[in-house]
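Residue numbering for the sequence shown follows the numbering used here, beginning at 191 and increasing consecutively.
Glycine is no exception: its CB is placed at the ideal position from the N, C-alpha and C atoms.
Shown next, in structure tokens, is the structure this report addresses.
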Amino acid sequence: MTYYLASTYGLTGSAWPWLLLNLGFVVLYPPIIFRKLGVKPSKLWYLEAIVIPIMISVCSLWFFKLIYDVLSVGNIFLIFLSLGVSYVLVALRLFVFRFDIQRVQWRIAL
Numbered sequence: 191m192t193y194y195l196a197s198t199y200g201l202t203g204s205a206w207p208w209l210l211l212n213l214g215f216v217v218l219y220p221p222i223i224f225r226k227l228g229v230k231p232s233k234l235w236y237l238e239a240i241v242i243p244i245m246i247s248v249c250s251l252w253f254f255k256l257i258y259d260v261l262s263v264g265n266i267f268l269i270f271l272s273l274g275v276s277y278v279l280v281a282l283r284l285f286v287f288r289f290d291i292q293r294v295q296w297r298i299a300l
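Next comes the structure, spelled out in structure tokens:
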């Protein structure tokens with residue numbers, strides 16, 4: 191499949207099997223692991239570990255795209271800077287604090 195897509199669609203086509211494989215891991219394996227551990231699959235885990243980081247990165251990159259379109263900026267350094275800022279925001283979300291429904295709680299480091 192990878193060979194066909196790469197020869198037909200180039201580099202973009204060769205990335206599709208990788209994306210489908212990773213989506214399969216995210217969708218199929220957590221319920222299996224939760225069942226092996228004897229834990230009910232948690233929607234909270236999907237929300238905190240997958241949905242919220244994706245929303246943070248998409249929103250931050252969308253914001254930077256709006257800024258770049260308004261300012262007509264195409265500098266590669268600024269593009270990588272926006273990717274870095276998006277990464278830092280997601281890392282802060284995953285490792286420093288977590289959202290509860292009513293409040294924000296800081297996680298204890300170490």
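- What's the C-alpha gap between residue 216 and residue 276? 21 Å
- Task: Return helix, strand or coil for residue 214, following the three-state DSSP convention.
- Result: helix
- Task: Please classify residue 230: does DSSP put it in a helix, a strand, or coil?
- Result: coil
- Cβ of residue 243 within 9 Å of Cβ of residue 278? no
- Item | Per-residue DSSP class, three states only, for residue 303 | No answer is possible for residue 303: the residues shown for the chain start at 191 and end at 300.
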